[in-house]
Amino acid sequence: SQQGEEDPQALSIQEGENATMNCSYKTSINNLQWYRQNSGRGLVHLILIRSNEREKHSGRLRVTLDTSKKSSSLLITASRAADTASYFCATDAQGGSEKLVFGKGTKLTVNP
Amino acid sequence: EAQVTQNPRYLITVTGKKLTVTCSQNMNHEYMSWYRQDPGLGLRQIYYSMNVEVTDKGDVPEGYKVSRKEKRNFPLILESPSPNQTSLYFCASSWARNTEAFFGQGTRLTVV
Chain A
1 SQQGEEDPQA LSIQEGENAT MNCSYKTSIN NLQWYRQNSG RGLVHLILIR
51 SNEREKHSGR LRVTLDTSKK SSSLLITASR AADTASYFCA TDAQGGSEKL
101 VFGKGTKLTV NP
Chain B
1001 EAQVTQNPRY LITVTGKKLT VTCSQNMNHE YMSWYRQDPG LGLRQIYYSM
1051 NVEVTDKGDV PEGYKVSRKE KRNFPLILES PSPNQTSLYF CASSWARNTE
1101 AFFGQGTRLT VV
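The listed protein sequences derive, respectively, from chains A and B. First residue of the first sequence? That's 1 in this note's numbering, and the numbers climb one at a time after it. First residue of the second sequence? That's 1001 in this note's numbering, and the numbers climb one at a time after it.
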């Protein structure tokens, strides 16, 4: 079964607005990653946050992690049309297998 | 340039005709994996490999085989493809399962 689930499934905003996407997962993790995918292309790594971290920044990206709620959020500030893409979270469950599990993704559309 | 190379990019084949999708990485990564991406289902891990000669099943391994004879290569084999294996396939590599993953460009497979 999938570990990470993104919410919302789709998000449409205007250029300059902020975009927030959420990811929930089921079991304890070592870290959580966010990836971006332009239509039909390979995924590109955005940011990794460890289970002992609560917040991380990279440029216009801000990621938070709440291990008590088993959830993470990705905030893109001052969005641009070029941010239009699908965004996925990926998690690694502690113990057990060596799988890396992706969610179904949030499709973000930034309108010019 | 660090990269993951998949071939072919596009493939149309007939039911039952064995095929291999190749994947090669030039980063000396130990962890490699295959995913399939289907609308509404996100990325699902097919198989992964933690090192040479070490492979294990992901979430959707049925109908697929893999091998890891060398560190750089991780081919995906469909012994008898069926139409339900029509999908977009991605190969990825990383130092470990919970570190930044690098993705190939994808292989769009159609089985008729």
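We put the beta carbon where it would ideally sit given N, CA and C, even for glycine.
{"Asked": "Can the beta-carbon of Glu17 (chain A) be found closer than 7 Å to that of Ser79 (chain A)?", "Found": "yes"}
{"Asked": "Answer yes if the stretch 1104-1112 of chain B comes into contact with the stretch 1010-1028 of chain B, meaning at least three C-beta pairs across the two stretches below 8 Å, and no otherwise.", "Found": "yes"}
{"Asked": "Got a sec? Which residues, its chain only, sit under 6 Å from Gln33 (chain A) by beta carbon, not counting five neighbours each side?", "Found": "Leu48, Ala90"}
{"Asked": "Counting only C-beta atoms, is Leu1043 (chain B) closer than 7 Å to chain A at any point?", "Found": "yes"}
{"Asked": "What number of angstroms, rounded off, separates the C-alpha of Glu1079 (chain B) from the C-alpha of Ser1067 (chain B)?", "Found": "13 Å"}
{"Asked": "Secondary structure at Gly7 (chain A), three-state DSSP: helix, strand or coil?", "Found": "The sequence as given places Asp at residue 7 (chain A); Gly does not occur at that position. It is a strand residue."}
{"Asked": "Under a CB-based cut-off of 7 Å, is Asn22 (chain A) close to chain B?", "Found": "no"}
{"Asked": "Which residues, taken in chain order from the stretch 83-107 of chain A, show a beta carbon closer than 8 Å to some beta carbon of chain B?", "Found": "Phe88, Ala90, Asp92, Ser97, Glu98, Lys99, Leu100, Val101, Phe102, Gly103, Lys104, Gly105"}
{"Asked": "Going by DSSP, what residue range makes up the beta strand (DSSP E) through Arg1108 (chain B)?", "Found": "1107-1111"}
{"Asked": "Please list, in chain order, all residues of the same chain as Ser1049 (chain B) whose beta carbon is under 8 Å from its beta carbon, the five residues on each side excluded.", "Found": "Tyr1031, Met1032, Ser1033, Thr1055, Asp1056, Val1066, Arg1068, Phe1074"}
{"Asked": "Could you tell me whether any Cβ in chain B is nearer than 7 Å to the Cβ of Gly42 (chain A)?", "Found": "yes"}
{"Asked": "Quick one, which of A:Ser58, A:Tyr35, A:Gln9, A:Ile29 has its alpha-carbon nearest Lys99 (chain A)'s?", "Found": "A:Ile29"}
{"Asked": "Could you tell me the boundaries of the beta strand (DSSP E) in which Gln1085 (chain B) lies?", "Found": "From DSSP, Gln1085 (chain B) is part of no beta strand (DSSP E); its letter is neither H nor E."}
{"Asked": "Looking at the structure shown, is Ser83 (chain A) part of a helix, part of a strand, or coil, going by DSSP?", "Found": "The sequence shown places Asp at residue 83 (chain A), not Ser. Three-state DSSP puts Asp83 (chain A) in a helix."}
{"Asked": "From Gly42 (chain A) to Ser68 (chain A), what does the alpha carbon distance come to, in whole angstroms?", "Found": "32 Å"}
{"Asked": "Taking Pro112 (chain A) and Glu15 (chain A) to be in contact with their CB atoms under 8 Å, please state how far apart those CB atoms are, rounded to whole angstroms.", "Found": "5 Å"}
{"Asked": "Can you tell me the Cα-Cα spacing of Glu1062 (chain B) and Pro1081 (chain B), whole angstroms?", "Found": "11 Å"}
{"Asked": "Pull the bridge partners of Val110 (chain A) from the DSSP assignment, please.", "Found": "A:Ile13"}
{"Asked": "Under 9 Å Cβ-Cβ, which residues of chain B neighbour Leu48 (chain A)?", "Found": "Asn1098, Thr1099, Glu1100"}
{"Asked": "Is His57 (chain A) close to chain B? Criterion is C-beta to C-beta, closer than 7 Å.", "Found": "no"}
{"Asked": "Helix, strand or coil, according to DSSP, for Thr1015 (chain B) in the structure here?", "Found": "coil"}
{"Asked": "Under a CB-based cut-off of 7 Å, is Gln1105 (chain B) close to chain A?", "Found": "yes"}
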